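First the structure, in the form of structure tokens, and then the observations on it.
Residue numbers (my numbering): 15 to 181.
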């Protein structure tokens with residue numbers, strides 16, 4: 015997603031890092047449990063608007079599992095490490111799992127991409143930072159995000175932990 019401002023900034027840094035002459039490792043997690051926690055928050059409200067049909071896949075990773083990858087990457091070998099968690103879900107399955115953890119019946123309303131992109135243009139007129147965040151979210155839902163699996167922590171357990179903290 016090189017046209018997204020935040021991604022562009024990250025990739026400029028990666029380019030500079032690779033040219034720096036120092037040892038480097040670039041960890042590329044495809045999604046975080048903490049980000050999936052937003053689905054849990056929306057599920058608690060009883061309804062989620064989903065951009066697209068939710069058929070694209072992701073295997074997000076827990077922060078503790080990602081931390082181990084980071085520590086292991088400090089061996090001096092220059093490389094990029096794509097990283098995901100042990101389980102692959104569609105975005106729709108992730109949202110349904112969040113509803114189940116909340117004990118609520120899934121109520122998910124798909125929104126077509128053209129509508130979300132139109133809303134993005136309007137948002138950009140008033141709040142560029144929010145529009146940049148939304149543009150990332152919209153683009154991310156257009157393709158699969160499956161990376162090599164690492165770790166032992168499962169999203170279902172993460173949602174269950176969130177549910178116990180909210181009761």
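All C-beta atoms, glycine included, are put in the ideal place defined by N, C-alpha and C. Computed from a predicted model, the values in this text were never measured in an experiment.
Verify whether the separation of the beta carbon atoms of residue 64 and residue 105 is less than 8 angstroms. In this structure, residue 105 lies closer than 8 angstroms to residue 64 by Cβ.
How many angstroms separate the CA atom of residue 156 from the CA atom of residue 57? Those two C-alpha atoms are separated by around 21 angstroms.
Check whether residue 12 and residue 45 have beta carbons under 8 angstroms apart: Because the chain in this structure spans residues 15 to 181, residue 12 falls outside the shown range and cannot be described.
Whole-angstrom distance between residue 53 and residue 81, CA atom to CA atom: If you take the alpha carbons of residue 81 and residue 53, they lie about 23 angstroms apart.
Check whether the segment 165 to 172 and the segment 89 to 102 are in contact - that is, three or more C-beta pairs closer than 8 angstroms. Judged by pairs of C-beta atoms under 8 angstroms, the segment 165 to 172 touches the segment 89 to 102, as three or more such pairs exist.
In chain order, what residues of the same chain have a beta carbon less than 7 angstroms from the beta carbon of residue 162, not counting five sequence neighbours either side? Same-chain partners within the cutoff: 96, 97, 98.
Residue(s) in a DSSP beta bridge with residue 64: 124, per the DSSP bridge assignment.
Residue closest to residue 164, alpha-carbon to alpha-carbon, out of 144, 86, 125: Of 144, 86, 125, the residue nearest in Cα terms is 86.
Quick one, are the C-beta atoms of residue 10 and residue 158 less than 8 angstroms apart? Past the boundaries of the shown model lies residue 10; the chain is included only from 15 to 181, so the question cannot be answered.
Contact under 8 angstroms by Cβ, residue 177 with residue 115: The Cβ-Cβ distance between residue 177 and residue 115 falls below 8 angstroms.
Whole-angstrom distance between residue 22 and residue 28, CA atom to CA atom: Here the alpha carbons of residue 22 and residue 28 stand approximately 10 angstroms from one another.
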